[in-house]
Each structure stands twice: as C-alpha cells, then as structure tokens.
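Working notes, beginning with the structure itself.
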Amino acid sequence: MQMCVDPDGLAGLSWWLCYLTTNTHYSFYLSFGTILILIFLCAPVVMVLGFAGALSRRSRFLPLRTVGLIYTSMVRGVPDIVFFMFVPIAMDQAIEAIRHKVKCPEVTAPIFQGNDFVVCTAAKMPLSATDQWVHEIYGFFLALVAFAIVFGAFAANTLHGALAAVPKNQLETARAYGMSEKQVFWRIHLPQMWRYALPGLSNLWMILIKATPLLFLLGVEDAVYWAGALGASKTQIYDFPHGDWRIWYFSALLIFYLLLTSVSERFFKWLTLKVTREHNLNTDDLSSGVTA
Amino acid sequence: MRRLIIAAFASAIMTGSVFAASDMQKVRMGTEGAYAPYNFINDKGEIDGFEREVGDKLCELAKLDCTWVKNDWDSIIPNLVSGNYDTIMAGMSITAERDKVIDFTQEYFPPDPSAYVALKGAADKVISGVVAAQKATIQASHVASTKATVVEFATPDETLAAVRSGEADAVLADKSYLEPIVKESNGALIFVGEDIVIGGGIGIGLRESDGELKAKLDVAIASMKKDGSLSKLIAKWFDGKMVKY
Amino acid sequence: MSCADTFANYALRAIGIGARLLPKSDITFCEQVVLIGSGMIWNIYYGILAIMTGFFFATALAVARGSERQILSKSAEWFIFIFRGSPLFIQFFFAYELFVLFPKLSIDIPLGFVTIAADTRWLTKAWFGALVVLFLNTSAYSAEIFHGALKAVPKGDLEAADAYGMSGFARFRRIIWPTLLRLAWPSYTNEAIFLFHATTLVFLSSFPAWRQKGDALYYANYLAEKTFNPFVSYPIVAGYFILLTLSIIMVFSLVNRRLNRHLEPGQRSKIKYRPQVILTR
Chain H
62 MQMCVDPDGL
72 AGLSWWLCYL
82 TTNTHYSFYL
92 SFGTILILIF
102 LCAPVVMVLG
112 FAGALSRRSR
122 FLPLRTVGLI
132 YTSMVRGVPD
142 IVFFMFVPIA
152 MDQAIEAIRH
162 KVKCPEVTAP
172 IFQGNDFVVC
182 TAAKMPLSAT
192 DQWVHEIYGF
202 FLALVAFAIV
212 FGAFAANTLH
222 GALAAVPKNQ
232 LETARAYGMS
242 EKQVFWRIHL
252 PQMWRYALPG
262 LSNLWMILIK
272 ATPLLFLLGV
282 EDAVYWAGAL
292 GASKTQIYDF
302 PHGDWRIWYF
312 SALLIFYLLL
322 TSVSERFFKW
332 LTLKVTREHN
342 LNTDDLSSGV
352 TA
Chain C
5 MRRLIIAAFA
15 SAIMTGSVFA
25 ASDMQKVRMG
35 TEGAYAPYNF
45 INDKGEIDGF
55 EREVGDKLCE
65 LAKLDCTWVK
75 NDWDSIIPNL
85 VSGNYDTIMA
95 GMSITAERDK
105 VIDFTQEYFP
115 PDPSAYVALK
125 GAADKVISGV
135 VAAQKATIQA
145 SHVASTKATV
155 VEFATPDETL
165 AAVRSGEADA
175 VLADKSYLEP
185 IVKESNGALI
195 FVGEDIVIGG
205 GIGIGLRESD
215 GELKAKLDVA
225 IASMKKDGSL
235 SKLIAKWFDG
245 KMVKY
Chain B
3 MSCADTFANY
13 ALRAIGIGAR
23 LLPKSDITFC
33 EQVVLIGSGM
43 IWNIYYGILA
53 IMTGFFFATA
63 LAVARGSERQ
73 ILSKSAEWFI
83 FIFRGSPLFI
93 QFFFAYELFV
103 LFPKLSIDIP
113 LGFVTIAADT
123 RWLTKAWFGA
133 LVVLFLNTSA
143 YSAEIFHGAL
153 KAVPKGDLEA
163 ADAYGMSGFA
173 RFRRIIWPTL
183 LRLAWPSYTN
193 EAIFLFHATT
203 LVFLSSFPAW
213 RQKGDALYYA
223 NYLAEKTFNP
233 FVSYPIVAGY
243 FILLTLSIIM
253 VFSLVNRRLN
263 RHLEPGQRSK
273 IKYRPQVILT
283 R
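Line by line, the protein sequences give chains H, C and B. Residue numbers for the first sequence, in this note's numbering: 62 to 353. Residue numbers for the second sequence, in this note's numbering: 5 to 249. Residue numbers for the third sequence, in this note's numbering: 3 to 283.
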C-alpha cells in the first residue's frame with residue numbers, strides 16, 4: 062500500500078492496516094494454509110501406511126508380521142516429539158548418502174569426516190544451486206513423510222483393530238456362499254470394517270490436527286513459528302515497533318485450532334451416523350439373505 | 005532437531021545476481037534471524053541487519069553467489085555440519101568448544117562484552133540471584149558456572165520478558181543486543197554489574213572440510229577491514245560504535 | 003571419569019543432587035545415558051501425579067457432563083472441548099503467560115502436623131505449573147472416556163440397584179463406578195501412555211529450566227547441542243520411553259485383571275465397549 066512506505070508517520074487505523082499487511086504478516090496468514098495442506102496431504106499417505114501396517118500384522122508370513130507389529134507398537138512406545146527430533150535429519154542424510162554412492166562413485170573420501178557429513182555436490186538434496194523455494198518444498202516434504210510415518214502407525218493400530226472386530230460369522234457366511242478369500246476381503250471384510258474403524262480414524266484426524274504445532278521441530282515455518290516471531294517485542298530497528306504481543310498471536314492460533322477441531326468433530330459425527338445407518342441396512346440384507 | 009527454517013521471502017538471490025550467476029560458486033548462508041541488530045527478519049520478511057550487509061559485501065568481494073537461509077539457534081551447528089547450508093553468520097562467538105567441531109574465519113566483529121540487565125532500581129547483587137539466559141549460549145554456560153541460579157529460555161526475547169515479569173532478577177546477554185532494548189525501555193530496564201568478556205570475537209562458522217571457502221572469506225574480511233568499510237558498517241548498525249581494524 | 007563416578011555425579015542431577023555443572027566436552031555415552039535417565043525422573047513425576055489427581059477430577063467431570071442440570075453439563079462440556087480441541091503446546095504457552103501475571107501471594111495451608119506456605123510463584127515453576135496444565139489436560143481427555151463408558155453402563159445394572167433400594171452416592175459408588183472403570187480401562191490405559199509422552203513437551207515450550215534441571219528431552223537436547231550429534235541422545239530417550247511404556251502397560255493390566263476378577267475367563271470379553279476415543283494430544 063502506498064501509505065505504508067513511511068511507517069513512522071502513521072497512527073491509529075492506518076498504522077494497523079499497514080502493520081497487519083506486512084510481508085511477514087502475509088507469511089503468518091499463509092502458514093495457516095500450510096497446516097491445512099499438511100493435514101490434507103498427510104491423510105491419504107497415513108491411510109496407505111496404515112493399511113500396509115494392519116495387513117502385514119495379519120500376514121501369515123512371520124517376518125512380515127513382525128515388521129508390522131514393531132511398526133504399530135512404535136507409536137505407543139516412543140513420543141512423537143522424540144521421533145521428530147532426529148528422524149527427518151536422518152532421512153535427509155540417508156537420501157544424500159545413497160545419492161552420493163550412485164552419482165559419485167569416483168569419490169573415495171568418506172562421507173563422515175569427523176563431525177562433517179560430506180557428500181559430493183551432485184548428491185545434495187536438493188542441489189545447493191537450486192532456488193530457495195525448492196529447498197522449502199523439500200523441507201516440507203520431509204516433514205510430511207515424518208508425520209505420515211508416525212500417524213500411519215496409529216492408523217495401522219486402528220485398522221488392525223477394526224479388521225479384527227468384524228464378526229467372524231459374517232466372513233464365514235460369505236465363504237459358505239463360495240466366495241474366494243479375495244472376494245471375502247474386498248466384498249465383505251473391508252466394507253464392514255469401516256464402521257469399526259471410523260471412531261478411531263476420526264480421533265486420529267484430531268490427533269493429527271493437534272500435532273501440527275510440532276511442525277516447527279521439523280523446520281517448517283508454521284503458524285507457531287510466526288506467532289512467536291511476530292509477537293516478540295520489536296525495537297525501533299523495525300518499521301513497526303511494539304511490545305510483547307505474543308499472547309494475541311497465540312490467541313489467534315488457539316481460535317484457529319478450536320474452530321478446526323470443532324468443525325471436524327461435527328463432520329465425523331455426521332459421517333458416523335451415515336455409516337452406521339448404511340451398515341445396519343447391509344447386515345439386514347445379509348442376514349435376510351441367509352435365512353431366505 | 006529443527007531442520008531448515010526457511011525464509012519465505014528472503015529467497016531472492018542476493019548480491020550475486022548482478023554477475024552471471026552460472027560460473028560463480030553458490031553458497032548458502034545460515035543465520036538465526038532473531039538477534040537484532042546482528043540479524044533479524046524485517047517487516048518485509050527479508051533477513052536484515054549488520055550480518056546481512058557484511059555477508060552480502062563479503063560475497064561480492066569473494067565472487068560468491070549467496071543465498072540466505074534461516075535456521076533455529078538450537079540446531080544451527082548440526083545443520084551446518086550435515087550440509088544444509090555452508091556458513092553461519094549469526095552473531096556466533098568463536099569459542100574453543102565450537103572450534104573443535106567447526107572452523108571459523110577471522111573475526112568480523114570484535115569480542116563483545118556480555119552485560120547484565122535488570123529492572124530499574126535493582127542493586128548490583130542481583131547478578132548472583134536468578135539470572136535468565138538463552139539456552140545453548142555462552143552466557144547460559146557462564147551463569148551456570150557462577151553462584152547465580154540460571155534460568156534458560158528458548159529465545160532471547162523470553163529472557164527479557166522474564167526480567168520484566170519479575171521471574172528472573174537479571175538477564176545476561178551480548179551487550180550490543182541489549183543496548184537498544186535498554187535505551188528504548190524508558191528507564192524501566194538498566195544495566196547492572198560489570199560487563200564481562202566471555203567469548204572471542206564473532207567469525208563466520210564453516211565446516212572443517214571447507215578450507216577453500218574459508219580462505220576466500222578470510223581474504224574478503226581482511227580487505228573489508230583494511231579499507232575501513234567494516235568499521236563503517238559496525239558504526240552504522242551499533243549506534244556509532246567505534247572499532248579500529 | 004569412570005561410569006560409576008558419572009552415575010554418582012549425574013544420576014540425580016535433574017533434581018539438583020550431584021555435580022553442579024553439566025558435562026561440557028568429551029561427552030561419553032555413559033554420561034548421556036545417566037543424564038537423560040536422571041531427566042526421566044521428571045517425566046515419571048509429571049505422569050504419575052497428573053494421572054492420579056486427574057483421575058478423580060475426570061470422574062467428577064464425566065458425571066457433571068451427564069448431569070441433567072444444564073449449568074453443570076454445559077460447563078463440563080466446554081471445559082472438555084477447550085482442552086481436547088487445542089494443542090497441548092498452546093495450552094502450555096497460555097498457562098505460563100497467565101501464571102506469570104498472578105500477583106505474588108503466599109497462602110498458608112495447614113496440614114495438621116505442618117503448615118505449608120503455598121506460593122503463587124510456584125505456578126511459574128515447571129514442577130507445579132506444568133503439572134497443573136497436565137492435570138487439567140488429562141482430566142478433560144479422561145472425562146471424555148469416562149463419559150462414554152458411563153453411557154454404556156448396562157441399564158439392567160441400574161435397575162437392579164434401584165430394586166435393592168440403592169440410590170445417590172451409594173448407587174454410584176457400588177454399581178456404576180466399578181462397571182464404568184471396567185469399560186473404560188482399555189482406553190484409559192492409552193490415555194495414561196500418551197500422557198507420559200506429553201510430559202516431554204514441558205521444557206520444550208514455555209516453562210524455563212531452572213539450574214539446568216530438566217526432563218529427559220531437555221538433557222537430550224542439551225547433549226545433542228554439545229556433541230553436535232542428534233543420533234545418540236534422542237534414541238536414548240526413545241529407549242527409556244519404550245521401557246516406561248512397557249511398565250505402564252504392565253501396571254494397568256494388573257489393575258484390569260483386578261477389575262474383572264469376578265468374571266469367568268470366558269465371560270470377560272462379553273461386556274464390550276468400543277471406545278469412541280483413543281487419545282493423544
């Protein structure tokens with residue numbers, strides 16, 4: 062805005078208008094979008110990992126079952142914060158180390174030189190020469206993967222429980238009708254499972270929302286980071302000096318989260334009602350089919 | 005571990021863009037962005053401050069194509085050694101402990117005394133009471149080794165908030181960071197006790213395996229000292245502070 | 003320094019006993035394990051106290067939520083909504099900012115044999131302030147579980163109690179409460195586990211560490227910063243937490259067995275309450 066060029070002369074409403082439309086404030090507003098993008102991108106990945114975990118836990122093949130069990134028990138054992146503290150940096154280094162082996166086989170110097178982690182320029186991920194926004198996207202991507210791994214394990218727990226909760230007689234009835242194991246799974250077991258999985262999954266969604274303030278641990282400039290940075294008191298060196306306003310910025314965050322969780326809660330209540338109704342219809346069909 | 009904290013708007017390529025970018029070495033410069041006047045995020049969302057200006061000048065002299073990257077203080081060294089950026093310019097004093105893990109160029113800022121700040125009317129003895137300091141700073145380890153009770157906060161801002169609220173009796177931090185704050189507090193905050201020199205001067209942190217880059221930057225710093233431009237920048241950002249190189 | 007010396011110096015460092023200065027350079031693996039282990043004292047302290055106190059408040063909240071009196075049920079609902087609907091991280095921030103504002107008052111609490119001068123300044127210290135937040139938080143989550151279980155108590159049980167002429171508190175204490183616990187226990191076990199996990203947030207957020215006394219994550223953070231290597235100290239915390247979780251599961255399943263001891267083995271699975279909430283924050 063034109064009037065914002067000289068902030069020192071501003072007062073009252075125009076000061077506020079200019080203050081709230083600085084680039085840093087736009088970053089703050091956008092960071093709410095970052096949270097939403099993260100949870101919406103994360104959800105499908107979490108479901109895929111969740112199914113992989115749940116199905117491998119049910120596998121007849123012992124090593125696979127063990128892997129599934131370890132993965133699903135992990136979240137119960139280790140706090141997500143601790144996990145976020147070192148896994149993303151480990152993933153980053155692992156990717157670069159693999160790229161180093163592939164892209165620069167001629168380099169014989171070790172990757173770990175004392176404290177330094179040194180890979181050749183071509184193995185950098187992303188390359189040092191790429192634009193900053195690529196680095197940002199990559200950082201966001203690592204955060205997304207870290208979130209998905211942790212919450213995928215939660216989902217696996219829920220889905221495993223739900224698959225086990227489907228009454229055995231339903232599956233046996235389906236088999237008696239001559240369905241193959243595959244058909245039983247896709248036509249009966251999976252559709253019936255949703256009713257049992259839904260409470261857990263809706264809860265997982267809430268957990269995911271409430272875990273997003275930890276994004277800053279993963280190096281993403283999220284709303285918590287900006288609320289802290291903008292709210293901190295500013296001296297005259299800044300265009301808009303002010304005292305410690307963190308409490309107001311965090312209030313905005315609090316309201317955002319309360320809104321997001323209450324809207325989600327309503328949505329899941331509606332969905333549960335819907336699924337339960339359909340489920341009842343399905344069982345009726347099934348049982349009437351049996352008796353007929 | 006906080007990985008990269010990345011500046012959304014500071015992404016433009018800095019000084020290097022006037023030259024043909026392709027044949028210049030690209031360097032990623034890590035900083036904290038929360039330590040005015042050394043480095044901070046201005047209202048435009050760019051990294052600004054003394055170190056930004058010196059860094060850009062050094063890159064120009066050394067013919068480097070530099071990009072600025074923000075990173076949280078806690079993990080600023082781990083992210084350097086794992087290669088997420090190539091230099092640290094974040095008001096980091098040269099200390100023996102740090103020198104074991106990373107390399108430093110020659111100093112671009114002389115040893116800055118640390119000072120205690122307390123509320124108006126406080127006596128000098130508060131420096132052996134409850135003293136706030138930022139986590140993982142030389143000041144925090146200094147206070148831990150004195151008789152005082154150390155209280156650690158994540159950001160320098162919170163340490164001052166603690167003094168204002170009476171949680172802590174005093175705060176120990178770099179004097180040049182505290183000076184503008186004390187000045188603008190309208191007498192509410194005062195310096196107490198005597199200044200102490202804890203760390204060495206401030207240098208650019210680099211990976212130990214990056215000898216070539218270190219040499220280039222050392223030459224550039226030396227030339228800025230020689231022609232007096234570094235002293236001028238120090239005077240500009242630190243309220244007329246006179247340093248003779 | 004041998005590992006035994008390290009143990010003597012740092013095993014109780016988190017509560018201020020032992021060496022005053024933390025290790026600064028040439029940090030050994032033994033020092034990392036001992037120091038982080040000493041930090042676990044705080045995680046266990048927060049977890050146990052918050053759960054024990056939160057349990058009773060949660061029961062009260064659950065009953066209030068199901069109450070026919072609007073004012074009771076509405077206020078319980080709002081309390082639960084605010085604490086379950088917002089991230090714990092933000093709750094810690096607000097709590098600290100609020101506690102700092104409290105005027106410095108001292109209240110004498112006579113405990114019969116000794117009088118304690120309770121100080122509002124305690125609230126700004128992690129040992130008390132963070133405990134208050136965790137207590138409120140776990141109460142809200144547990145209340146939601148108990149509320150769900152309360153609704154699932156079989157009608158027949160209540161009718162039988164009525165038939166025996168039980169009413170009011172006796173009916174609650176002897177009929178509803180035991181069934182409620184039995185139904186809620188599996189989810190409540192989860193809540194306990196995740197509450198222990200949440201204790202790692204205490205020093206990460208607003209509460210400052212005094213005299214470098216902190217929890218396991220605080221020391222892991224310190225050591226990662228001193229050794230410039232996150233791949234040793236954080237996995238140590240993870241290891242400690244796996245052990246802690248296993249012990250919680252053990253204790254809770256012992257209680258579970260006691261809660262269900264009157265049932266035949268085959269009968270135990272009969273009462274099924276599918277929890278609408280598993281929890282973390």
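Don't be surprised by glycine CBs; every beta carbon is placed ideally from N, CA and C. Because the structure is a prediction, the values reported are computed rather than measured.
Exposed or buried, which one is B/Pro210 when buried takes at least 16 other CB atoms within 10 Å?
Position 208 of the third sequence, counted from the first residue, corresponds to residue 210 of chain B. That one is buried.
Name the two residues that bound the continuous alpha helix (DSSP H) containing C/Glu101.
On the second sequence, position 97 is the one that residue 101 of chain C refers to. It spans 100-105 - the alpha helix (DSSP H) in which C/Glu101 sits, taken as one unbroken run.
Could you tell me which residues DSSP puts in a beta bridge with C/Ala38?
Counting from 1 along the second sequence, the entry for residue 38 of chain C is found at position 34. BP columns for C/Ala38 point to C/Phe44.
For H/Tyr380, does the three-state DSSP call read helix, strand or coil?
This structure cannot settle anything about residue 380 of chain H, because the visible part of chain H is limited to 62 through 353.
Need the endpoints of the alpha helix (DSSP H) that H/Glu197 sits in, please.
As a working note, residue 197 of chain H is residue 136 in the first sequence. That run of the alpha helix (DSSP H) goes 193-226.
Reference C/Ser118, options C/Arg32, C/Asp69, C/Val201, closest by Cα
One-based indexing of the second sequence puts residue 118 of chain C at position 114. Answer by Cα proximity: C/Val201.
Just to confirm, is the Cβ distance from H/Thr83 to C/Asp47 under 8 Å?
If you number the first sequence from 1, residue 83 of chain H lands on position 22. If you number the second sequence from 1, residue 47 of chain C lands on position 43. Yes.
Residue from C/Lys61, C/Val105, C/Arg168, C/Ala239 whose Cα sits closest to the Cα of C/Glu212
As a first step, residue 212 of chain C is located in the second sequence; it is residue number 208 there, counting from the start. Considering only alpha carbons, the answer is C/Val105.
What's the call for C/Ser145, buried or exposed, on a 16-neighbour Cβ count within 10 Å?
Position 141 of the second sequence, counted from the start, is the residue given in the question as residue 145 of chain C. By the neighbour-count rule (16 or more Cβ atoms within 10 Å), C/Ser145 is buried.
Quickly, what does DSSP pair C/Leu210 with across the bridge? List them, please.
Position 206 of the second sequence holds residue 210 of chain C. According to DSSP, C/Leu210 bridges with C/Thr91, C/Asp107.
Whose CA, out of H/Ala190, H/His161, H/Pro260, H/Val128, lies closest to the CA of H/Thr333?
Numbered from its first residue, the first sequence carries residue 333 of chain H at position 272. Considering only alpha carbons, the answer is H/Pro260.
Going by other Cβ atoms of all chains shown within 10 Å of its Cβ, with 16 needed for buried, is H/Ala353 buried or exposed?
The count along the first sequence starts at 1 and reaches residue 353 of chain H at position 292. In this predicted model, H/Ala353 has a pLDDT of only 29, less than 50, meaning its place in the structure is not dependable; the value taken from the coordinates is given anyway. So H/Ala353 counts as exposed.
Quick check: what's the CA-CA separation for B/Cys32 versus B/Ile46?
Working through the third sequence from its first residue, we reach residue 32 of chain B at position 30. Working through the third sequence from its first residue, we reach residue 46 of chain B at position 44. Whole-angstrom Cα-Cα distance: 21 Å.
Which partner residues of B/Ile118 appear in the DSSP bridge assignment?
Looking up residue 118 of chain B in the third sequence gives position 116. According to DSSP, B/Ile118 bridges with B/Ile111.
Helix, strand or coil: how does DSSP classify C/Thr153 here?
Position 149 of the second sequence, counted from the first residue, corresponds to residue 153 of chain C. Reduced to three states, the DSSP call for C/Thr153 is strand.
Using the beta-carbon count (16 or more within 10 Å), is H/Met64 buried or exposed?
Position 3 of the first sequence, counted from the first residue, corresponds to residue 64 of chain H. Burial call: exposed.
Where H/Val303 sits in the DSSP three-state scheme
The sequence position of residue 303 of chain H within the first sequence is 242, counting from 1. Note on identity: in this sequence residue 303 of chain H is His, with Val being the wrong assignment. Reduced to three states, the DSSP call for H/His303 is strand.
Own chain partners of B/Arg22 with C-beta closer than 6 Å, once the 5 adjacent residues on each side are dropped:
Residue numbering aside, residue 22 of chain B sits at position 20 when the third sequence is read from its first letter. Hits under 6 Å: none found.
Kindly give me the distance between the Cβ atoms of C/Ala126 and C/Asp173, rounded to whole angstroms, as I take these residues to be in contact under 8 Å.
As a first step, residue 126 of chain C is located in the second sequence; it is residue number 122 there, counting from the start. As a first step, residue 173 of chain C is located in the second sequence; it is residue number 169 there, counting from the start. With a Cβ gap of about 7 Å, C/Ala126 and C/Asp173 count as contacting.
Whole angstroms is fine: what's the gap from H/Arg160's alpha carbon to H/Pro187's?
Taking the first sequence and counting its residues from 1, one reaches residue 160 of chain H at position 99. Taking the first sequence and counting its residues from 1, one reaches residue 187 of chain H at position 126. Going from the Cα of H/Arg160 to the Cα of H/Pro187 covers about 11 Å.
So, do the stretch 49-65 of chain B and the stretch 143-158 of chain B have three or more beta carbon pairs nearer to each other than 8 Å?
yes
In whole angstroms, what is the alpha-carbon distance linking H/Leu130 and H/Leu123?
Here residue 130 of chain H refers to the residue found at position 69 when the first sequence is read from its first residue. Here residue 123 of chain H refers to the residue found at position 62 when the first sequence is read from its first residue. When rounded, the distance between both Cα atoms is 10 Å.
Buried or exposed: H/Val324, going by 16 or more other Cβ atoms within 10 Å of its Cβ?
Here residue 324 of chain H corresponds to residue number 263 of the first sequence, with the count starting at 1. It counts as exposed.
Name the residue from B/Ala10, B/Ile84, B/Ala52 whose alpha carbon lies nearest to the alpha carbon of H/Tyr318.
Position 257 of the first sequence, counted from the first residue, corresponds to residue 318 of chain H. When each option's Cα is compared against that of H/Tyr318, the closest is B/Ile84.
Does H/Leu319 have its Cβ less than 8 Å from a Cβ in chain B?
For the purposes of this step, residue 319 of chain H is identified with residue 258 of the first sequence, where counting begins at 1. Cβ-Cβ to chain B under 8 Å: yes for H/Leu319.
Can a CB atom of chain C be found closer than 8 Å to the CB of B/Ser75?
Your numbering for residue 75 of chain B matches position 73 in the third sequence. Chain C contact via Cβ: absent.
Touch test, the stretch 122-131 of chain B against the stretch 205-221 of chain B, Cβ-Cβ under 8 Å, three pairs minimum
yes
Going along the chain, which residues of the stretch 108-131 of chain B sit with their C-beta nearer than 7 Å to a C-beta in chain H?
none
Using only the alpha-carbon positions, how far apart do B/Tyr221 and B/Arg15 sit?
Counting from 1 along the third sequence, the entry for residue 221 of chain B is found at position 219. Counting from 1 along the third sequence, the entry for residue 15 of chain B is found at position 13. Whole-angstrom Cα-Cα distance: 10 Å.
When the distance is taken between beta carbons, is C/Tyr89 closer than 8 Å to C/Gly197?
Here residue 197 of chain C refers to the residue found at position 193 of the second sequence. Here residue 89 of chain C refers to the residue found at position 85 of the second sequence. No, the Cβ-Cβ distance between C/Gly197 and C/Tyr89 is not below 8 Å.
C/Glu183 - containing beta strand (DSSP E), residue span
On the second sequence, position 179 is the one that residue 183 of chain C refers to. No beta strand (DSSP E) holds C/Glu183; the alpha helix (DSSP H) holding it covers 179-188.
On the CB-based measure, 16 or more other CB atoms within 10 Å of its CB, does H/His303 come out buried or exposed?
Your numbering for residue 303 of chain H matches position 242 in the first sequence. So H/His303 counts as exposed.
Please classify H/Pro166 as buried or exposed, where buried requires at least 16 neighbouring CB atoms within 10 angstroms.
Sequence index remark: in the first sequence, residue 166 of chain H carries index 105 (1-based). The residue in question, H/Pro166, is exposed, as its Cβ has fewer than 16 Cβ neighbours within 10 Å.
Any C-beta of chain B sitting closer than 8 Å to the C-beta of C/Phe157?
Numbered from its first residue, the second sequence carries residue 157 of chain C at position 153. C/Phe157 counts as touching chain B.
Give every residue of the same chain whose Cβ lies closer than 8 Å to the Cβ of H/Met267, excluding the five residues on either side of it in the sequence, and list them in chain order.
The residue given as residue 267 of chain H occupies position 206 in the first sequence. These residues qualify, in order along the chain: Thr322, Ser325, Glu326.
Are B/Leu182 and B/Ala132 closer than 8 Å when you measure CB to CB?
Counting from one through the third sequence, the residue named residue 182 of chain B turns up at place 180. Counting from one through the third sequence, the residue named residue 132 of chain B turns up at place 130. Contact flag unset, no.
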